[in-house]
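First residue of the sequence shown: 2, per my numbering; consecutive thereafter.
Yeah, the Cβ is synthetic: ideal placement off N, Cα and C, and Gly gets one too.
Some notes on the structure that comes next.
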Amino acid sequence: MSISRLTATELRFTVDPQTLGFSDTAELLHSPLPWIGQERAEVAAHFGLSMNQPDYNLFVLGEVGTGRSSLLQQAMQVAAASKEVPPDLCYLHNFAVPERPHALRLPAGQGKLLRQQMVQTLKMLQTEIPRCLDSQDFKAESERIENAYKEQEGESYAALGAFAEVRHFALHRESGHLVFTLIGEKNQALTETDVLSLPKARRAEVELAEQELRTEITRFLDHTRPMERVMNEALAALRRKVVTTLLDKELQGVRSHIKKHSKDSIKLGAYLAQVAQDVLENLELFEVAAEDDEGRQEELSRLLSRYRVNLVVDNDGLKGAPVIVEDNPLFRSLFGSIEYQSENDVLVTDFSRIRAGSLLKAHGGFLLLHLRDLLVDGLVWEKLRRLLRSGKLQIEEPGTAFAPIAAVSLEPEAVDVEVKIVLIGSREQYYELQEEDPEFARHFRVKVDFADSFSSSNETRHAFAVFVSHACQNRGLPHFSSAAVARLLEESHREVEDQTRQSANFARSEALVMESAALGLERGGELVEAVDVGAAIRAHAHRHDYPAQRLRESIAQGELLISVDGEKAGQINGLTVVDLGDYGFGFPVRLTARTFAGNDGLINIEREVEMSGPIHDKGVLILQNYLS
Numbered sequence: 002m003s004i005s006r007l008t009a010t011e012l013r014f015t016v017d018p019q020t021l022g023f024s025d026t027a028e029l030l031h032s033p034l035p036w037i038g039q040e041r042a043e044v045a046a047h048f049g050l051s052m053n054q055p056d057y058n059l060f061v062l063g064e065v066g067t068g069r070s071s072l073l074q075q076a077m078q079v080a081a082a083s084k085e086v087p088p089d090l091c092y093l094h095n096f097a098v099p100e101r102p103h104a105l106r107l108p109a110g111q112g113k114l115l116r117q118q119m120v121q122t123l124k125m126l127q128t129e130i131p132r133c134l135d136s137q138d139f140k141a142e143s144e145r146i147e148n149a150y151k152e153q154e155g156e157s158y159a160a161l162g163a164f165a166e167v168r169h170f171a172l173h174r175e176s177g178h179l180v181f182t183l184i185g186e187k188n189q190a191l192t193e194t195d196v197l198s199l200p201k202a203r204r205a206e207v208e209l210a211e212q213e214l215r216t217e218i219t220r221f222l223d224h225t226r227p228m229e230r231v232m233n234e235a236l237a238a239l240r241r242k243v244v245t246t247l248l249d250k251e252l253q254g255v256r257s258h259i260k261k262h263s264k265d266s267i268k269l270g271a272y273l274a275q276v277a278q279d280v281l282e283n284l285e286l287f288e289v290a291a292e293d294d295e296g297r298q299e300e301l302s303r304l305l306s307r308y309r310v311n312l313v314v315d316n317d318g319l320k321g322a323p324v325i326v327e328d329n330p331l332f333r334s335l336f337g338s339i340e341y342q343s344e345n346d347v348l349v350t351d352f353s354r355i356r357a358g359s360l361l362k363a364h365g366g367f368l369l370l371h372l373r374d375l376l377v378d379g380l381v382w383e384k385l386r387r388l389l390r391s392g393k394l395q396i397e398e399p400g401t402a403f404a405p406i407a408a409v410s411l412e413p414e415a416v417d418v419e420v421k422i423v424l425i426g427s428r429e430q431y432y433e434l435q436e437e438d439p440e441f442a443r444h445f446r447v448k449v450d451f452a453d454s455f456s457s458s459n460e461t462r463h464a465f466a467v468f469v470s471h472a473c474q475n476r477g478l479p480h481f482s483s484a485a486v487a488r489l490l491e492e493s494h495r496e497v498e499d500q501t502r503q504s505a506n507f508a509r510s511e512a513l514v515m516e517s518a519a520l521g522l523e524r525g526g527e528l529v530e531a532v533d534v535g536a537a538i539r540a541h542a543h544r545h546d547y548p549a550q551r552l553r554e555s556i557a558q559g560e561l562l563i564s565v566d567g568e569k570a571g572q573i574n575g576l577t578v579v580d581l582g583d584y585g586f587g588f589p590v591r592l593t594a595r596t597f598a599g600n601d602g603l604i605n606i607e608r609e610v611e612m613s614g615p616i617h618d619k620g621v622l623i624l625q626n627y628l629s
């Protein structure tokens, strides 16, 4: 292969604006924004997003700035539009075990409707039940039952009173208890002192009579208590009979508004039946009470709070499947949380304080996460792995175990979560997880690999111009002339140091678009021109080239010695490139070599003092092998 000398002109790639096919980017606004140079990633993404089988989650790898997040969000929105709207998620009070609230999924919009229906039902209960229990018919029937009891109890009490009177005792009720007093000959109540002063024989008669009376009182109570229990049961049955009709009518209205073909319709029916039973068991709290009876009002409020619906995921009004981008995947924001409040030095909570996280909100749709954010908290990564393994999520509050005061635990029912996770990371993270966590590969079966650069063609250059057009539209910037776009394309080639390939780092290109537009506005032009792009490139270099300037100054001042004339044995000049991340530059270096007689072979001084890197050492060893 012959070697030819390259000129400076040949080393610089140029783009002819006339070949782009437009005068300015305003003409390209109606063109859709494509995946520029990312055909492989585009095909993989569409495959993964359309795959409905479990474990076909996506891992998106590539360099920052290649459009991983924005393009995947765009693809997720398109895929979500054709999917069904997922159901709502509610949590309900568990009447059997309050610490384990029930989860209920309803068709989208039905959760809000159920919550509204239950609120209306609660208002009805607070007004209609007291009205029913205060009606004339109810009062009349209650009085009939009570009077029947009082009549029977009164007859027994009269007989007991006569029994006491024969034995010279007066019987009366005091604070709900039966009290008897010994009566003297002058019909006066005798005190304990009076009784002790009686003759011994009379005192013995009194003690015997008292014992007989106590026995008779016991018989009286044994006889009347079942009667009282029967009366209370009859009154309770009457209350239930009056309220049951009202309850059935209201709860049937709730059932009729909820779609019966929903997956959890049976669970909802069982819950409403439990609500009715709980109301009937606590009807005494609904009876008309005095305004100052705060205790009963507080108990009633606690009772009614059980019947509320905690709608944690509301998909009413959603078009298609949800698309969630979680930029702050903390434990609570990702998996949900349980709120607590302090009461009497104890942390308490209930089902109404359960809050959903991004995973539950994304059920039936897509969730985009960044791996770097997940790895900050080991608890988050481990729980996510368990979710991927089981497909179920149970909301928990991990911090309660370490709270300084006691806390009431809550274990909400675990729910199925069907979500397509799009995980964004670097190539290093992807291959490290592949090696260290084999289970990871099973859950993320779709690899979406974004290229750092791509082959340049007329199609990619046109797509790049469309990208510039959309950037101007979205940012409210003046549009670019074809010459300005050509200058941007030249810089894209320069970034990858290849005349046949363009850079896929569109974040840098967008930054250059904004900086060029700012200079164009300052110049007062209607369009951004090539001169503005060139000025923006020079301004960027000037802001970042302090290290390069210092190296040039050190050469000019003689601190670094570089000979540029003549020849010298064992010494050549070279050019090295320094990449500082936001700026790269080249500067000359002197390469020297000395030879001498010995057995050590090739000696690399930098390697000996451990100042060189593995790539430099590899090059020296290759050279050593060649010389050998």
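- His31 is classed as exposed because its beta carbon has fewer than 16 other beta carbons within 10 Å across all chains shown.
- Under the 10 Å beta carbon count, Lys124 is surrounded by fewer than 16 other beta carbons and is classified as exposed.
- Restricting attention to beta strand (DSSP E) runs no shorter than 3 residues, the segment 560 to 603 encloses them at 572 to 580, 585 to 593, ordered along the chain.
- In the DSSP assignment, Ala442 falls within the alpha helix (DSSP H) that extends over 439 to 444.
- Ala531 is positioned such that its CB atom lies no closer than 8 Å to that of Phe588.
- Closest in alpha carbon position to Glu516, among Ala485, Phe455, Ser504, Gly49, is Ala485.
- Pairing Ala27 with His545 gives a Cβ-Cβ distance that is not under 8 Å.
- Beta-bridge analysis with DSSP links Glu344 to Val347.
- Only residues of its own chain outside the window of five on either side were considered, and among them Phe332, Leu380 have a CB closer than 8 Å to the CB of Pro399, listed in chain order.
- Where Glu28 is concerned, there is no enclosing beta strand (DSSP E), because DSSP gives it neither an H nor an E.
- Per the Cβ contact rule, the segment 69 to 79 is not in contact with the segment 346 to 354 (fewer than 3 Cβ pairs under 8 Å).
- Taking C-beta separations shorter than 8 Å and ignoring five residues to either side along the sequence, the partners of Ile146 in its chain run Met232, Ala235, Leu236, Leu239, following chain order.
- Residue range 531 to 545 is occupied by the alpha helix (DSSP H) that includes His545, with no beta strand (DSSP E) assigned at that position.
- Within the DSSP bridge table, the entry for Lys124 names no partner.
- Per DSSP, the unbroken alpha helix (DSSP H) holding Ala9 starts and ends at 9 to 12.
- Membership of Arg307 in any beta strand (DSSP E) is not indicated, and neither H nor E is assigned to it by DSSP.
- Approximately 38 Å separates the beta-carbon atoms of Gly49 and Val529; this is outside 8 Å, ruling out the contact.
- In the structure shown, the three-state DSSP call for Gln503 is strand.
- In the DSSP assignment, Arg354 falls outside any alpha helix (DSSP H) and carries neither an H nor an E.
- Judged by DSSP secondary structure, Ala104 falls within the beta strand (DSSP E) whose first and last residues are 103 to 107.
- Under DSSP, His371 takes part in a beta bridge, and its partners are Ile425.
- Distance from the CA of Ala9 to the CA of Asp499, rounded to the nearest whole angstrom, comes to 15 Å.
- When secondary structure is reduced to three states using DSSP, Ser157 falls in the helix class.
- In the three-state DSSP reduction, Ser482 falls in the strand class (E or B).
- Non-local beta-carbon contacts of Arg101 in its own chain, meaning distances under 6 Å to residues more than five positions away in sequence, involve Asn95, Glu412 in chain order.
- Inter-segment contact for the segment 48 to 66 and the segment 439 to 453 is present: three or more beta-carbon pairs are separated by less than 8 Å.
- By the Cβ rule, the segment 148 to 158 does not count as touching the segment 321 to 336, because fewer than three pairs are nearer than 8 Å.
- Taking C-beta atoms as the reference points, Ala537 and Leu513 count as a pair closer than 8 Å.
- Judged by DSSP secondary structure, Leu380 falls within the alpha helix (DSSP H) whose first and last residues are 379 to 391.
- One thing to note: Leu62 has its Cβ within 8 Å of the Cβ of Ser427.
- Only exposed fits Ser456, as fewer than 16 other CB atoms lie within 10 angstroms of its CB.
- Look at Ser71 here: in three-state DSSP terms it is helix.
- Looking at the DSSP output, Val449 sits in a beta bridge with Val61.
- For the options Val467, Val326, Leu552, the alpha carbon positioned closest to that of Glu511 is the one of Val467.
- When DSSP reads this structure, Tyr92 sits in a beta bridge with Ala104, Asn311.
- For the pair Leu59 and Leu592, the CB atoms are not nearer than the 8 Å cut-off.
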